[in-house]
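Colleague:
Chains as they are written, first to last, in the numbering used here: chain Y, 1 to 115; chain V, 1 to 113.
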């Protein structure tokens, strides 16, 4: 039973380019969360999605960031026109959400470096 | 703003010693999850506690959820070098549609042989 998959594991972009981060949830999980871990900081929630729906995007920066979880395929976190401050580890988590507790399982992360 | 205060931030101990990590908040959480994270990897779930006063044991690790579900602790008995890592607590507020986790800042544990 594969865990949460994320790719790429490492991504290098120059300022102004676009970054696309992919997340495949655990088998049977239909809820995906994205978190960001900045250097020397804790994990911060960004967005929560279910299939074809954004449920909570209260942690997403207002500009340049978007996320989707289509009916088929992985969830995508997209960062347009990247800046150096976007350099961080981005983690995806998935959950099953049947009763309590709603435990979230994390992927290995994508480390984004903006040059 | 919901906050989880985790302490201590750094802990360096000798093999065989006991330690406790605390996670405190003014908010009530429906669940509290503890993770361990290795450098370059994602957080790995250790335990989830959901009932006030609940105690769970995982070998030498004991997790407790406060009666009011606002705080939690992780106690490690006879620490070993293999316990070295970043320990994270995360609080969840469940509603009918799930919800985000609020993370503490983490405790960086170093166990020296």
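Glycine included, every Cβ here is placed at the ideal spot set by N, Cα and C. Note that this is a predicted model, so its numbers are computed, not measured.
Going by other Cβ atoms of all chains shown within 10 Å of its Cβ, with 16 needed for buried, is residue 37 of chain V buried or exposed?
Modeller: It counts as buried.
Colleague: Tell me, to the nearest whole angstrom, how far the beta carbon of residue 81 of chain V is from that of residue 113 of chain V; I am working on the premise that it is less than 8 Å.
Modeller: With 8 Å as the limit, residue 81 of chain V and residue 113 of chain V qualify as a contact, their Cβ atoms being about 5 Å apart.
Colleague: Listing by chain order, which chain Y residues have their CB less than 7 Å from the CB of residue 104 of chain V?
Modeller: Close partners of residue 104 of chain V in chain Y (Cβ separation under 7 Å): 42.
Colleague: Tell me where the beta strand (DSSP E) around residue 45 of chain Y begins and ends.
Modeller: 43–50
Colleague: Provide the residue(s) that pair with residue 120 of chain V in DSSP beta bridges, ordered along the chain.
Modeller: Lying outside 1 to 113, the shown extent of chain V, residue 120 of chain V is not represented and no answer is given.
Colleague: Compute the Euclidean distance between the alpha carbons of residue 105 of chain V and residue 91 of chain Y, then round it to the nearest angstrom.
Modeller: 16 Å
Colleague: Does residue 48 of chain Y get closer than 8 Å to chain V when you measure Cβ to Cβ?
Modeller: Closer than 8 Å: yes.
Colleague: How many Å lie between residue 53 of chain V and residue 67 of chain V at the Cα?
Modeller: 4 Å
Colleague: I'd like to check one pair, residue 75 of chain V with residue 24 of chain V: are the Cβ atoms closer than 8 Å?
Modeller: No.
Colleague: Less than 8 Å between the CB atoms is what I'm expecting for residue 30 of chain V and residue 50 of chain V, so what's the real figure, rounded?
Modeller: 7 Å
Colleague: Can you list, in chain order, the residues of its chain with a C-beta nearer than 6 Å to that of residue 7 of chain Y? Leave out the 5 residues immediately preceding and following it.
Modeller: 22
Colleague: What would DSSP say about residue 59 of chain Y, mapped onto helix, strand or coil?
Modeller: Residue 59 of chain Y falls in the coil class under three-state DSSP.
Colleague: Quick one: list the residues of chain V neighbouring residue 56 of chain Y, beta-carbon separation under 8 Å, in chain order.
Modeller: Neighbours of residue 56 of chain Y on chain V, chain order: 99 and 100.
Colleague: Cα separation between residue 8 of chain V and residue 70 of chain Y?
Modeller: 41 Å
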